[in-house]
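**Q**
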Amino acid sequence: MSLKVAIGSDHGGYGLKENVMEYLKNKGIEYKDFGCYSCSSVDYPDIALPVADAITSGEFDRGILICGTGIGISIAANKVPGIRAALCSDTFSARMCRMHNDANILAMGGRVVGPGLALDIVDEFLKGEFEGGRHIKRVEKITEIEEKFQKGRGESLNE
Numbered sequence: 025m026s027l028k029v030a031i032g033s034d035h036g037g038y039g040l041k042e043n044v045m046e047y048l049k050n051k052g053i054e055y056k057d058f059g060c061y062s063c064s065s066v067d068y069p070d071i072a073l074p075v076a077d078a079i080t081s082g083e084f085d086r087g088i089l090i091c092g093t094g095i096g097i098s099i100a101a102n103k104v105p106g107i108r109a110a111l112c113s114d115t116f117s118a119r120m121c122r123m124h125n126d127a128n129i130l131a132m133g134g135r136v137v138g139p140g141l142a143l144d145i146v147d148e149f150l151k152g153e154f155e156g157g158r159h160i161k162r163v164e165k166i167t168e169i170e171e172k173f174q175k176g177r178g179e180s181l182n183e
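Residue numbers for the sequence shown follow my numbering, beginning at 25 and rising by one.
1) Specify the secondary structure class of residue 150 as computed by DSSP and reduced to three states.
2) Where do the N-terminal and C-terminal ends of the alpha helix (DSSP H) with residue 42 fall, by residue?
3) Would you call the CB atoms of residue 129 and residue 137 closer than 8 Å?
4) In this structure, what does DSSP give as the bridge partners for residue 88?
5) Can you tell me where the alpha helix (DSSP H) with residue 165 in it begins and where it stops?
6) Is there contact here, the segment 153-160 with the segment 104-111, by at least three beta-carbon pairs under 8 Å?
7) According to DSSP, is residue 57 part of a helix, a strand, or is it coil?
8) Exposed or buried, residue 116, counting other C-beta atoms within 10 Å across all chains shown (16 or more means buried)?
9) Nearest-angstrom Cα distance between residue 124 and residue 67?
10) Let's test the definition: count the other Cβ atoms within 10 Å of the Cβ of residue 63 and tell me whether it reaches 16, buried, or not, exposed.
11) Along the chain, where does the alpha helix (DSSP H) containing residue 105 start, and where does it finish?
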């Protein structure tokens with residue numbers, strides 16, 4: 025795999041992030057750790073933003089974000105236009121978020137998913153490819169929603 029992965033966590037996901045980084049290292053996958061760097065309390069939006077920026081800038085191909093549940097950090101990442109962060113707690117969802125939604129960030133809960141399952145989820149996410157086809161139209165509609173709210177509330181997409 026020649027993917028470049030941006031990874032980050034808050035304190036609730038720190039331990040799992042360490043497991044995931046070791047896995048990426050052993051697989052020879054290039055990654056950069058955007059923090060946090062200990063179990064000391066940090067705010068998950070402060071980690072989600074630089075990881076999301078690294079993806080939208082094109083510096084990295086995919087991202088992995090981990091907080092206690094994966095919920096907060098995925099919500100924060102999804103506020104960045106162009107980010108499609110998917111919270112996954114199983115391998116099927118990790119595979120499908122790539123195939124059907126072209127997700128570019130995987131979010132997980134460090135207090136929800138154990139390390140063994142997490143590594144399987146990461147593997148499915150990283151090897152997954154977007155199918156395109158009928159799914160392109162749906163991903164494009166997500167982009168239209170983003171563009172609408174970047175410009176302001178203007179006209180409805182349904183008009």
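The C-beta atom is built at its ideal place from N, Cα and C for all residues, glycine as well.
The model shown is predicted, which means the values in this text are computed figures rather than measured ones.
**A** Considering the structure as presented:
1) If DSSP states are grouped into helix, strand and coil, residue 150 belongs with the helices.
2) 38-51 is the extent of the alpha helix (DSSP H) around residue 42.
3) Taking 8 Å as the Cβ cut-off, residue 129 and residue 137 do not qualify as a contacting pair.
4) For residue 88, which the question treats as bridged, DSSP gives the partners 31, 130.
5) Here the alpha helix (DSSP H) through residue 165 covers 158-175.
6) Taking 8 Å as the limit for Cβ pairs, the verdict is that the segment 104-111 does not touch the segment 153-160.
7) Look at residue 57 here: in three-state DSSP terms it is strand.
8) Classification for residue 116: exposed.
9) Spanning the two alpha carbons is a distance of roughly 31 Å.
10) The residue is exposed, with fewer than 16 neighbouring Cβ atoms inside 10 Å.
11) From DSSP, residue 105 is part of no alpha helix (DSSP H); its letter is neither H nor E.
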